[in-house]
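To start, the structure under review is shown below, and the notes come after it.
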Amino acid sequence: MNPLRRLMATAALCALAAAPLMASAQQLTVSAAASLTEAFREIGARFEAHKPGVAVRFNFAASGVLIQQIVQGAPVDVFVSADQETMDRGVKEKVLDAATRRDFAGNTVVMVAPAQGAAVPATLADLAKPEVRRIAVGKLATVPVGRYTKQVLDAARLWEPLEPKLVYADSVRQVLDYVARGEVEAGFVYRTDAELMKDKVRVLLTAQGHTPVTYPAAVVSDSRQAALAREFVNFLFTTEAQGVLARYGFSKP
Numbered sequence: 012m013n014p015l016r017r018l019m020a021t022a023a024l025c026a027l028a029a030a031p032l033m034a035s036a037q038q039l040t041v042s043a044a045a046s047l048t049e050a051f052r053e054i055g056a057r058f059e060a061h062k063p064g065v066a067v068r069f070n071f072a073a074s075g076v077l078i079q080q081i082v083q084g085a086p087v088d089v090f091v092s093a094d095q096e097t098m099d100r101g102v103k104e105k106v107l108d109a110a111t112r113r114d115f116a117g118n119t120v121v122m123v124a125p126a127q128g129a130a131v132p133a134t135l136a137d138l139a140k141p142e143v144r145r146i147a148v149g150k151l152a153t154v155p156v157g158r159y160t161k162q163v164l165d166a167a168r169l170w171e172p173l174e175p176k177l178v179y180a181d182s183v184r185q186v187l188d189y190v191a192r193g194e195v196e197a198g199f200v201y202r203t204d205a206e207l208m209k210d211k212v213r214v215l216l217t218a219q220g221h222t223p224v225t226y227p228a229a230v231v232s233d234s235r236q237a238a239l240a241r242e243f244v245n246f247l248f249t250t251e252a253q254g255v256l257a258r259y260g261f262s263k264p
């Protein structure tokens, strides 16, 4: 057998040997709020290290988009939201196991501007100035940070006056991107998101007047890995997972 054929045969044998292992691996699908992306990727790897043969697959997006996918039958095992309202909807729709629902982290909403921006609003009232032409916010129907933002601006009686300037984003990360690229003069994101782009955005103020930002997790009712899903939710409360969350700037719920 020539060297090339010997190499191909060896590769084929290796693939056949690995196939049973791949087939036997348990896959856990976690749909989680976009703001958790970096922290959860690390937490997922740590969970896998404790559970040999388990593979954690993540789906990150706006909480409202994720719960709609689950309602429509998407095969998900754990749902993690950036707000209570979206989790409430999942419980009401009976797609989540309410008995497994637990709050594991908190966050803060901040107003940010491009690091190199010319017009820098120092206060919420400054958003009404002519030099501030565009303000990025999350879509109210699907993005929790958008609803938190509306609460903040409503409390300051600024939502209606500022509506013509609002640019709606599909997730908190899209808001962050709009600001980082200088496509808007200001935006509202979580402090943890702003920390990821400290070289491109600057925090102008901590928003007040919104309900507390807490992250609940729950097992999906139709999960085929219900026991493993509960283990993942419980893992979020371990010292190891909480340490990862703290390092990325998340607070206790």
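Numbered according to the working numbering, the sequence shown terminates at residue 264, and the numbering increases by one at each position without gaps. Each residue gets a CB set at the ideal place from its N, CA and C atoms; glycine is no exception.
DSSP three-state call for Thr134: helix, strand or coil?
As a working note, residue 134 is residue 123 in the sequence shown. Coil at Thr134, not helix or strand.
Worksheet entry | Alpha carbon of Ala240 to alpha carbon of Arg113, nearest angstrom | Your numbering for residue 240 matches position 229 in the sequence shown. Your numbering for residue 113 matches position 102 in the sequence shown. Each residue's alpha carbon lies about 13 Å from the other.
Inset, instruction - Whole angstroms is fine: what's the gap from Ala73's alpha carbon to Pro264's? - result: Here residue 73 is taken as the residue at index 62 of the sequence shown, counted from 1. Here residue 264 is taken as the residue at index 253 of the sequence shown, counted from 1. Looking at the two C-alpha atoms, the distance is approximately 20 Å.
Counting only the same chain and skipping the five closest in sequence on each side, list residues whose C-beta sits under 6 Å from that of Ala66.
-> One-based indexing of the sequence shown puts residue 66 at position 55. Within the same chain, Ala66 has close Cβ partners Ala36, Gln38.
Closest Cα partner of Ala195 within the set Val148, Asp99, Thr160:
For the purposes of this step, residue 195 is identified with residue 184 of the sequence shown, where counting begins at 1. The amino acid occupying residue 195 in the given sequence is Val; Ala does not appear at that position. Closest by alpha carbon: Val148.
Could you tell me which uninterrupted alpha helix (DSSP H) segments, each at least 4 residues in length, are contained entirely in the segment 110-191, listed from first to last along the chain? 155-166, 170-173, 183-191
Cβ separation of Val183 and Val200, assumed to be a contact under 8 Å, to the nearest whole Å: On the sequence shown, residue 183 is found 172 positions in, with the first residue counted as 1. On the sequence shown, residue 200 is found 189 positions in, with the first residue counted as 1. About 5 Å separates the two Cβ atoms, so the contact holds.
Between the CA atoms of Glu251 and Ala8 - distance to the nearest angstrom
There is no way to answer for residue 8, as the model of the chain reaches only from 12 to 264.
**Asked** What is the DSSP secondary structure of Gly101, counted as helix, strand or coil?
**Response** Translated into positions along the sequence shown, residue 101 becomes position 90. Gly101: helix per DSSP, three-state reduction.
Secondary structure of Leu216, DSSP reduced to three states: Stepping through the sequence shown from its first residue, residue 216 is reached at position 205. Of the three classes helix, strand and coil, the one that applies to Leu216 here is strand, per DSSP.
Selected residue, minimal CA-CA separation from Lys209, among Arg192, Arg144, Gly220, Gln219 = Within the sequence shown, residue 209 is the residue found at index 198, counting from 1. Among Arg192, Arg144, Gly220, Gln219, the Cα nearest to that of Lys209 is on Arg192.
Requested in this report: With DSSP as the reference, label Thr225 as helix, strand or coil.
Outcome: For this step, residue 225 is matched to residue 214 along the sequence shown. In this structure, Thr225 counts as strand in the three-state DSSP scheme.
### Task
Assess, as a yes-or-no matter, whether the segment 210-220 is touched by the segment 124-137 under the definition of 3 or more beta carbon pairs within less than 8 Å.
yes
Three-state class that DSSP yields for Arg57 in the structure shown:
Sequence index remark: in the sequence shown, residue 57 carries index 46 (1-based). Arg57 falls in the helix class under three-state DSSP.
Chain B beta carbons: is any one of them nearer than 9 Å to that of Val148?
-> Included in the structure is just one protein chain, with no chain B present.
Per DSSP, cross-strand counterpart(s) of Arg68:
Within the sequence shown, numbered from 1, the residue matching residue 68 stands at position 57. Paired residue(s): Thr40.
* To do: Name, in chain order, the residues that DSSP records as bridge partners for Ala197.
  => As a working mapping, residue 197 is identified with position 186 in the sequence shown. In the DSSP output, where bridge partners are listed per residue, Ala197 has Ile146.
Practice problem: Pull up the distance between the alpha-carbon of Val41 and that of Asp233, whole angstroms please. | Solution: Taking the first residue of the sequence shown as position 1, residue 41 is located at position 30. Taking the first residue of the sequence shown as position 1, residue 233 is located at position 222. Straight-line Cα distance between these residues: approximately 13 Å.
For Lys150 and Ala139, I'd like the C-alpha separation in whole angstroms.
Position 139 of the sequence shown, counted from the start, is the residue given in the question as residue 150. Position 128 of the sequence shown, counted from the start, is the residue given in the question as residue 139. In a straight line, the C-alpha of Lys150 is about 20 Å away from that of Ala139.
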